[in-house]
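J.: According to my numbering, the residues represented by the sequence shown are 3 to 300, in order. Heads up, the beta-carbon is just placed ideally off N, CA and C, and yes, glycines get one too. Please read through the structure below; I'll follow up with questions.
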Amino acid sequence: MAQTQYTFDNPVTRYPKVSPPKDQVPEPGSDAELEPPADHGEDTYVGSGRLAGRKALITGGDSGIGAAAAIAFAREGADVAIVYLPEEENDAQHVATLIGEAGRTALTLPGDLVDPAFCADAVQRTVDAFGGLDVLVNNAGKQVFCKDITELPDDQFDRTMKTNVYAMFHLTKAAVPHMSEGSTIINTTSVQAYLPSDILVDYATTKAAINAFTKALAAQLAPKGIRVNAVAPGPIWTPLQPSAGQPPEKLPDFGAQTALGRAGQPAELAPAYVFLASAESSYVVGETLAVTGGMPTP
Ligand code: NAD
Ligand code: MG
3 MAQTQYTFDN
13 PVTRYPKVSP
23 PKDQVPEPGS
33 DAELEPPADH
43 GEDTYVGSGR
53 LAGRKALITG
63 GDSGIGAAAA
73 IAFAREGADV
83 AIVYLPEEEN
93 DAQHVATLIG
103 EAGRTALTLP
113 GDLVDPAFCA
123 DAVQRTVDAF
133 GGLDVLVNNA
143 GKQVFCKDIT
153 ELPDDQFDRT
163 MKTNVYAMFH
173 LTKAAVPHMS
183 EGSTIINTTS
193 VQAYLPSDIL
203 VDYATTKAAI
213 NAFTKALAAQ
223 LAPKGIRVNA
233 VAPGPIWTPL
243 QPSAGQPPEK
253 LPDFGAQTAL
263 GRAGQPAELA
273 PAYVFLASAE
283 SSYVVGETLA
293 VTGGMPTP
């Protein structure tokens, strides 16, 4: 194995700059077709029992950051359920195979998180399959750029809110009654919560909401022994970006504005999720862990 998450190398050159073509693909995009391909740690993530016996549910676990977290969780010893849209079955099966190869159980849950009934059902099916739930990662997200508020479709605003904020609420509400002491909830927010782009008004609003939700819920659940935290990624190369997440003309320089001068890879996010899910972070509550390549956050 050439490199693991423990390899000391230069973070500037650890991964090449991503300079994708300007092509746009339809939402939600596919990791299998991403050009250039992304690294989810398939060949590099080494587990060490940090989540032994845990039962995890990761939304958007088919691709991108969620896929990297799912692979890492399984290699750390967790059974992992992943939620994704039905058209993402191909990516989901790839991740499920890797979870199985790690010696853990995978559960695939295709469906639309905009439907509150599906959110509740996904939690219940995870509990039924694994005999409980200890880790919920609210990671699914919708990001579609729009340059002019007067042209931002009402249904896009609605679906962005419902995917990024409402689903987090419905999933969490369904999950908490099943969670015992030591359980953890991790929400994926974004650098967009602090440095909102002019073309991501709806999306950036949801990410600020996720930060506030995380801190308020963390205070509420900490006395019960359930920790709630968030991860704030910077620009990460995933199917979200070329599927209308960015204007085509911005893709060739994606991530160049960071201090490291390159986009991050999903594999570089996985250790943050493992840390917040594991008991190593027992005194970390209501935190937003920035993994931004140096883009400043408060
Ligand atoms: P991604 O496209 O790989 O993952 C997003 C996933 O969300 C999709 O795979 C899809 O399965 C899921 N999803 C979207 N709408 C859904 C719905 N209605 N029902 C069920 N599932 C749905 O992209 P990603 O970049 O890995 O995104 C993961 C999270 O990271 C998102 O919350 C995103 O906002 C956040 N994020 C990404 C970046 C980045 O630069 N890529 C930066 C900051 C934050
Ligand atoms: Mg996907």
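Which value, in whole angstroms, describes the spacing of the CA atoms of glutamate 153 and tyrosine 196?
T.: So the alpha carbons of these two residues sit roughly 24 angstroms apart.
J.: Nearest CA to the CA of isoleucine 188: which residue from Val125, Glu35, Thr216 and Ala122?
T.: It is Thr216.
J.: In whole angstroms, give me the CA-to-CA distance for methionine 3 and tyrosine 47.
T.: Residue placement at methionine 3 cannot be trusted, given a pLDDT of 43 that sits under 50; what the coordinates show is reported in the next sentence. Those two C-alpha atoms are separated by around 10 angstroms.
J.: Count the other CB atoms, across all protein chains shown, that sit within 10 Å of the CB of phenylalanine 147; report buried if there are 16 or more and exposed otherwise.
T.: Phenylalanine 147 is buried by the Cβ-count criterion.
J.: According to the neighbour-count rule (16 or more other Cβ atoms, all chains shown, within 10 Å of its Cβ), is threonine 15 buried or exposed?
T.: By the 10 Å Cβ count, threonine 15 comes out exposed.
J.: Using the three-state DSSP reduction, which class does leucine 138 fall into: helix, strand or coil?
T.: Note: leucine 138 maps to strand in three-state DSSP.
J.: In the structure shown, what three-state DSSP assignment does lysine 24 receive?
T.: Here lysine 24 sits in coil by DSSP.
J.: Quick one: complete alpha helix (DSSP H) runs, 4+ long, within the segment 63–146?
T.: Complete alpha helix (DSSP H) runs here, min 4: 66–77, 91–103 and 118–132.
J.: Three or more beta-carbon pairs under 8 angstroms between the segment 253–264 and the segment 165–182, yes or no?
T.: Touching, no.
J.: Could you tell me the alpha carbon to alpha carbon distance between threonine 174 and aspartate 160, rounded to whole angstroms?
T.: Approximately 20 angstroms between the Cα atoms of the pair.
J.: Assess contact between the segment 124–141 and the segment 177–193, defined as three or more Cβ pairs (one per stretch) separated by less than 8 angstroms. Is contact present?
T.: Yes, since at least three Cβ pairs between the segment 124–141 and the segment 177–193 fall closer than 8 angstroms, the two stretches touch.
J.: Rounded to a whole number of angstroms, what is the C-alpha to C-alpha distance between alanine 211 and glycine 143?
T.: About 13 angstroms.
J.: Would you tell me roughly how many angstroms separate the C-alpha atoms of aspartate 220 and alanine 232, rounded to the nearest one?
T.: It should be noted that the sequence gives alanine, not aspartate, for residue 220. Using only the alpha carbons, I get a separation of about 10 angstroms.
J.: Give the DSSP-derived three-state secondary structure of lysine 164 in the structure shown.
T.: Reduced to three states, the DSSP call for lysine 164 is helix.
J.: What are the boundary residues of the alpha helix (DSSP H) that includes serine 175?
T.: The sequence given here places lysine at residue 175; serine does not occur at that position. Looking at the DSSP string, the run of the alpha helix (DSSP H) that includes lysine 175 is 169–177.
J.: Taking just the CA atoms, how far does glutamate 103 sit from alanine 292?
T.: Looking at the two C-alpha atoms, the distance is approximately 30 angstroms.
J.: Excluding the 5 residues preceding and the 5 following valine 97 in the sequence, name in chain order all residues of the same chain whose CB lies nearer than 7 angstroms to its CB.
T.: Gly63, Asp64, Ala69, Ala72, Ile73 and Ile84.
J.: Could you give the residue range of the alpha helix (DSSP H) that holds asparagine 213?
T.: From DSSP, the alpha helix (DSSP H) with asparagine 213 extends over 203–223.
J.: When the distance is taken between beta carbons, is alanine 40 closer than 7 angstroms to aspartate 93?
T.: No, the pair does not count as a contact, with Cβ atoms beyond the cut-off.
J.: Quick check: does the Cβ of lysine 144 come within less than 6 angstroms of any heavy atom belonging to the ligand NAD?
T.: Yes; taking the cut-off as 6 angstroms, the Cβ of lysine 144 has a heavy atom of the ligand NAD nearer than that.
J.: Starting from leucine 59, follow the beta strand (DSSP E) in both directions and report where the run begins and ends.
T.: Looking at the DSSP string, the run of the beta strand (DSSP E) that includes leucine 59 is 57–61.
J.: Of all the beta strand (DSSP E) runs that stay within the bounds of the segment 241–293, which reach a length of 3 or more residues?
T.: Listed in chain order, the complete beta strand (DSSP E) runs (minimum 3 residues) inside the segment 241–293 are 290–293.
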